[in-house]
Amino acid sequence: EAGVTQSPRYAVLQEGQAVSFWCDPISGHDTLYWYQQPRDQGPQLLVYFRDEAVIDNSQLPSDRFSAVRPKGTNSTLKIQSAKQGDTATYLCASTGTGVTEVFFGKGTRLTVV
Amino acid sequence: AQKVTQTQTSISVMEKTTVTMDCVYETQDSSYFLFWYKQTASGEIVFLIRQDSYKKENATVGHYSLNFQKPKSSIGLIITATQIEDSAVYFCELTSGGNYKPTFGKGTSLVVHP
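Note that the protein sequences, when read in sequence, are chains A and B. Taking this note's numbering, I'd label the letters of the first sequence as residues 1 to 113. Taking this note's numbering, I'd label the letters of the second sequence as residues 114 to 227.
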């Protein structure tokens, strides 16, 4: 089966620019996660969905970040007005019903200069 | 609130030896799930092994095994007969709460020398 697909793989922005990341989870997976992974750190949860509903977005900087999953399948994470501190790899992951292993995409490496 | 602590930043071992990586967690939930993942140099993150809190027996998958010490809130990862390709960053992850919220540790970098 196909894995979790993310695009783009890389992005370089100037401060103040906007960017969107796209994620296609594994077919049938109802839970989708977005993580931010700064260099040499562990993945930090930004937001996660079950189907189209947001379960937890408490770690999402709501003034500049937004995430949607309108049909409970694909998802988009958007950063408005990027800052240098947003430089990191953004990972999408998905899992099936219940508590099962999580499958990660290859990530989008974002550099804000 | 959930918390996962991996105190070892990096470990260096010789090939074919056994290595243990530590992980201590905090949760107020009586039922929870613990996972170990591996991140390779390419950035790919893959699942290795899990332990459910209600299971007393330590999980084992291939040359990975866990040392689950529930009273100490500790879940160590043991890799036996290490290989060069085991060189990677290893993350401990706790999932707990009614919404199964995941929390990752900061990772332990393992270097296996020939």
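We treat Cβ as the ideally placed atom computed from N, Cα and C, and that holds for glycine. Note that this is a predicted model, so its numbers are computed, not measured.
{"Query": "If A82 of chain A and A2 of chain A are in contact, beta carbons under 8 Å, what's the gap, nearest whole angstrom?", "Result": "Not really, about 29 Å apart at Cβ, beyond 8 Å."}
{"Query": "At a CB-CB cut-off below 8 Å, which residues of chain A make contact with E157 of chain B?", "Result": "F104, K106"}
{"Query": "Straight-line CA distance for V4 of chain A to Y48 of chain A?", "Result": "15 Å"}
{"Query": "What does the alpha-carbon distance come out to for the pair S222 of chain B and R50 of chain A?", "Result": "32 Å"}
{"Query": "Enumerate in chain order the residues of its own chain whose CB-to-CB distance from I197 of chain B is below 7 Å, with the five nearest sequence positions on each side excluded.", "Result": "E128, V225, P227"}
{"Query": "Just by C-beta distance, which residues in the region 39-66 of chain A are closer than 9 Å to chain B?", "Result": "D40, Q41, G42, P43, Q44, L45, Y48, R50, I55, D56"}
{"Query": "Do you know how far the Cα of Q44 of chain A is from the Cα of D86 of chain A?", "Result": "12 Å"}
{"Query": "Is the beta carbon of P215 of chain B sitting closer than 9 Å to the one on V102 of chain A?", "Result": "yes"}
{"Query": "If F217 of chain B and V117 of chain B are in contact, beta carbons under 8 Å, what's the gap, nearest whole angstrom?", "Result": "6 Å"}
{"Query": "Contact criterion: CB-CB distance below 9 Å. Does R69 of chain A meet it with respect to chain B?", "Result": "no"}
{"Query": "According to DSSP, is E157 of chain B part of a helix, a strand, or is it coil?", "Result": "coil"}
{"Query": "Expressed to the nearest angstrom, what Euclidean distance is found between the alpha-carbon atoms of I191 of chain B and V68 of chain A?", "Result": "39 Å"}
{"Query": "Can you tell me whether P8 of chain A is helix, strand or coil according to DSSP?", "Result": "coil"}
{"Query": "Whose C-beta lies closer than 6 Å to the C-beta of F21 of chain A among residues of the same chain, with five residues either side of it excluded?", "Result": "L77, Y90, T108"}
{"Query": "Quick one, are the C-beta atoms of C136 of chain B and S187 of chain B less than 9 Å apart?", "Result": "yes"}
{"Query": "Does any CB atom of chain A fall closer than 9 Å to the CB of Y150 of chain B?", "Result": "yes"}
{"Query": "Starting from T89 of chain A, find everything on chain B with Cβ-Cβ shorter than 8 Å and list it in chain order.", "Result": "G156"}
{"Query": "Going along the chain, which residues of its own chain have a beta-carbon closer than 8 Å to the beta-carbon of D56 of chain A, five neighbours each way excluded?", "Result": "L45, V47, Y48"}
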